[in-house]
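Presented below is the structure to which this report refers.
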Ligand SMILES: *[C@@H]1O[C@H](CO)[C@@H](O)[C@H](O)[C@H]1NC(C)=O
Ligand SMILES: [Zn+2]
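Have a look at this one:
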């Protein structure tokens, strides 16, 4: 959807003041008071427009209109980008021998079992009890994978809302590089755009698929003894659908703690092959780091079994934007061109039967290549 056209239907974006509280909204048999959802939120929906105060409940109108945004209410201060940080991004792969066994151990059966359970929670909305339950279940799976590997730690990253984010970290063998990170991410929340708190939102593709691709990459790396030179982290963010909330909190905290990110790769929607039936890896080229994105093309050529297509996704399209905003190189891979991507997302129809586990596995391969190749200190 063209953003300019959509904006005309969203009067709260045009007005400079907050709109009045909306009345009771009724969804079939259930009526929900919007009281409590009138809390003002500051959102940014484009690089060139100033941020706007809107009501919490108006965020749902934005999502229904297909407009991506960052909710920056908790970060109204000036954005401070990291200074003097120019990590080396390679232009070729050098570690095929190391990568190949990890890719060889990827299993679509494991992925299917995982996603079947992960989509069985009523929803994974970041402010619902199911959102909490589902991330506690995910945490348990990751802890099971990491059990017995002393150099792998799985941690909760708590937020002021119900659902936490999760960080799984491979400690690097070079202690001097402990604050230089390679990050692979996905978001663990899901959302029914008509009824966020109570509606069914299996979120199989958005972003159960990206979560599956990254969990399976993580599993294979752990099970096959991956020992990176610099630390590699896998992140699963809460509250992406609420405006990149989890990833903003994590990235800001990391920046404050003096951590430096060499490269971050987001996986959001990796399971839907699209109408053409010809599977491709969509590489997003807008609002990303160009050099890192060029390297993703090389990774696809080297490690995936399908070609890539270049596509654009718009402002604040997923959690990589949070890292980019503060000056860290980030990139984004998606299931197809943005136009061909799954139209059932944010509804009860975002289910597993529309997805391909072989397709999700291609993204696990890229994630593994990314983790291994960038974990080495190199200047080629
Ligand atoms: C992955 O490795 C484990 C342990 O070596 C093995 O039991 C399993 O069969 C392998 N799976 C695949 C799909 O290669
Ligand atoms: Zn998503």
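Residue numbers (the working numbering): -18 to 361. Note that the Cβ used here is the ideal one computed from N, Cα and C, for glycine as well.
Coarse secondary structure for residue i, derived from DSSP in three states
{"i": "residue 289", "result": "strand"}
{"i": "residue 259", "result": "coil"}
{"i": "residue 311", "result": "strand"}
{"i": "residue 341", "result": "helix"}
{"i": "residue 279", "result": "helix"}
{"i": "residue 92", "result": "helix"}
{"i": "residue 161", "result": "strand"}
{"i": "residue 24", "result": "strand"}
{"i": "residue 369", "result": "This structure gives no information on residue 369, because the portion of the chain shown stretches from -18 to 361."}
Nearest to residue i (by Cα), restricted to the options the options
{"i": "residue 24", "options": "153, 157, 45, 51", "result": "51"}
{"i": "residue 256", "options": "168, 321, 131, 293", "result": "321"}
{"i": "residue 308", "options": "249, 277, 245", "result": "245"}
{"i": "residue 30", "options": "317, 332, 345, 296", "result": "296"}
{"i": "residue 48", "options": "57, 234, 26, 63", "result": "26"}
{"i": "residue 366", "options": "44, 28, 55, 45", "result": "The structure shown does not extend to residue 366, since the chain is modelled only from -18 to 361, so the question has no answer here."}
{"i": "residue 192", "options": "126, 312, 357, 247", "result": "247"}
{"i": "residue 143", "options": "168, 113, 125", "result": "113"}
Anticipated Cβ contact below 8 Å, residue i with residue j, distance rounded
{"i": "residue 71", "j": "residue 359", "result": "6 Å"}
{"i": "residue 349", "j": "residue 201", "result": "7 Å"}
{"i": "residue 157", "j": "residue 239", "result": "About 14 Å; that fails the 8 Å criterion."}
{"i": "residue 187", "j": "residue 326", "result": "4 Å"}
Residue i classed as buried or exposed, judged by whether at least 16 other C-beta atoms fall within 10 angstroms
{"i": "residue 67", "result": "exposed"}
{"i": "residue 291", "result": "exposed"}
{"i": "residue 33", "result": "buried"}
{"i": "residue 108", "result": "buried"}
{"i": "residue 270", "result": "buried"}
{"i": "residue 9", "result": "Legend: pLDDT at residue 9 = 34, less than 50; position of this residue unreliable, no value from coordinates given."}
{"i": "residue 164", "result": "buried"}
{"i": "residue 44", "result": "buried"}
{"i": "residue 137", "result": "exposed"}
{"i": "residue 262", "result": "buried"}
{"i": "residue 265", "result": "buried"}
{"i": "residue 170", "result": "buried"}
Beta carbon proximity, residue i to chain B, threshold 8 Å
{"i": "residue 26", "result": "No chain B appears in this structure, which consists of one protein chain only."}
Cut-off 7 Å between Cβ atoms - residues of its own chain near residue i, not counting five sequence neighbours on either side
{"i": "residue 41", "result": "174, 177"}
{"i": "residue 215", "result": "149, 165, 195, 199"}
Other residues of its chain near residue i: CB distance less than 6 Å, five sequence neighbours each side excluded
{"i": "residue 83", "result": "201, 202, 205, 349"}
{"i": "residue 338", "result": "89, 92, 93"}
{"i": "residue 37", "result": "18, 20, 22"}
{"i": "residue 189", "result": "96, 99, 100"}
{"i": "residue 345", "result": "87, 194, 197, 198"}
{"i": "residue 356", "result": "163, 209, 210, 211, 213"}
Sequence-distant residues of the same chain with beta carbon closer than 8 Å to residue i, five excluded per side
{"i": "residue 53", "result": "23, 24, 25, 32, 224, 229"}
{"i": "residue 111", "result": "102, 103, 104, 105"}
{"i": "residue 73", "result": "279, 361"}
{"i": "residue 185", "result": "96, 100, 252, 331, 332, 333, 335, 336"}
{"i": "residue 155", "result": "210, 211, 358"}
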